[in-house]
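Colleague:
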């Protein structure tokens, strides 16, 4: 009798929690993602990963072909601005697919500009490699002299709380918002730690790839304990696996199936939706996100975009999400003012303005100096 009661209780609990997960948007856009998140939360991580692996074996990324030429972006590409007070605009990205198609790798102005009309962010689009040539991935370049970063923490990632900065983005915080984008893996899969608000939520790992935000709003990508260590100026540290780019080059061994370095979730060999973040030698931030990316292809695109250090963020269609925002300065906005980096990104910009969003993410907001009109600009 006791065994029967225990079985009924366990089955009932699992059924209730699964039902909750399947109707909860914080578990993902698709039913498959929601089931996978539920499975990982209930000790079925290896089984979920096996199913995902088998799926990608049976449904590999398409080889060959070409994307529509409209896939390489639109909008202003040449804006002349007065020198000083900001970084120089980035140079065209050399295509990973050998010969570039028209418009490939060309940077387009994106998101809110400064009060003086200086671009704070650019977007470009390239094919991921020379094999999967029908796909296009998005690349974003962000100027940290005009933008400041903020880590938003969630009840599911990293858990705990409460946190001062957590979804939804408030009306006040949205007044000069320029971008919001995903962070990394679920913490049990990240092989790293989490620090914010003066508290170590999960112990930091020496040598881990880390997104570090300082109290002045500057953000960098670093190997923890080598490039950056704890100080009174550190506001947050979000770790995720190991660096995939170091000293301006992809690190060795990216094609190896090493779960400690490249993640338990599919490792690095499959061409799937992935995202990554890098920092250039002059401090600009580079985000890469899109389909058909192996971890080595992700590292290659980061390097071509100028990254000297880079790391993987989250993967799979439900979690790779970058949104740029427009609207008058000093004016509250919402998800309706946002545009996805790629239209095929499953998540909408509105997720960051929703109280149900429980994962961590980053925002980029105009600095105070960028709201003044001290810098002049003219069309190129």
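Residue numbers (this note's numbering): 70 to 449. Note that beta-carbon positions come from the ideal geometry of N, C-alpha and C, so glycine has one too.
(1) Going straight from the alpha carbon of residue 327 to that of residue 173, what length do you get?
(2) Are the stretch 139-154 and the stretch 176-196 in contact at 8 Å, needing three or more beta carbon pairs?
(3) Does the structure place the stretch 375-383 close enough to the stretch 304-320 that three or more beta carbon pairs sit under 8 Å?
(4) Within the chosen definition, does the stretch 343-357 reach the stretch 254-274 through at least 3 CB pairs nearer than 8 Å?
(5) To the nearest angstrom, report how far apart residue 121 and residue 234 are at their CA atoms.
(6) Please classify residue 268 as buried or exposed, where buried requires at least 16 neighbouring CB atoms within 10 angstroms.
(7) Residue 171 to residue 178, Cα distance in whole Å?
(8) Just list the residues that DSSP pairs residue 308 with in beta bridges.
(9) Using a 10 Å radius around the Cβ and a threshold of 16 neighbouring Cβ atoms, would you call residue 445 buried or exposed?
(10) In terms of residues, what are the limits of the beta strand (DSSP E) holding residue 251?
(11) Looking only at its own chain, which residues have a Cβ that is under 7 Å from the Cβ of residue 423, when we skip the five neighbours before and after it?
(12) Could you check where the alpha helix (DSSP H) with residue 370 kicks off and where it finishes?
(13) How long is the line joining the alpha carbons of residue 403 and residue 433, rounded to whole angstroms?
(14) Please state the DSSP three-state secondary structure of residue 240.
(15) Buried or exposed: which applies to residue 285, given that a residue is buried once 16 or more other Cβ atoms fall within 10 Å of its Cβ?
(16) Going by DSSP in three states, residue 121 sits in which element: helix, strand or coil?
(17) Short of 8 Å in beta carbon distance, which residues of its chain neighbour residue 165, apart from the five on each side in sequence? Order them along the chain.
(18) Could you pull the DSSP bridge partners for residue 431 from this structure?
(19) Which residues mark the beginning and the end of the beta strand (DSSP E) in which residue 259 is found?
(20) With distances taken between CB atoms, is the gap from residue 392 to residue 249 smaller than 8 Å?
(21) Taking the straight line between their C-alpha atoms, what separation do you get for residue 136 and residue 206?
Modeller: In brief:
(1) In this prediction, residue 327 scores a pLDDT of 49, lower than 50, which makes its location untrustworthy; no coordinate-derived value is stated.
(2) yes
(3) yes
(4) no
(5) 33 Å
(6) exposed
(7) 17 Å
(8) 279
(9) Note that residue 445 has pLDDT 46, beneath the 50 cutoff, so the model's placement of it is unreliable and the number below is only indicative. Exposed: under 16 other Cβ atoms inside 10 Å.
(10) 246-251
(11) 236, 237
(12) 364-373
(13) 15 Å
(14) coil
(15) exposed
(16) helix
(17) 195, 196, 197, 198, 199, 366, 369, 370, 373
(18) 220, 250
(19) That residue, residue 259, is in no beta strand (DSSP E); its alpha helix (DSSP H) goes 256-259.
(20) yes
(21) 11 Å
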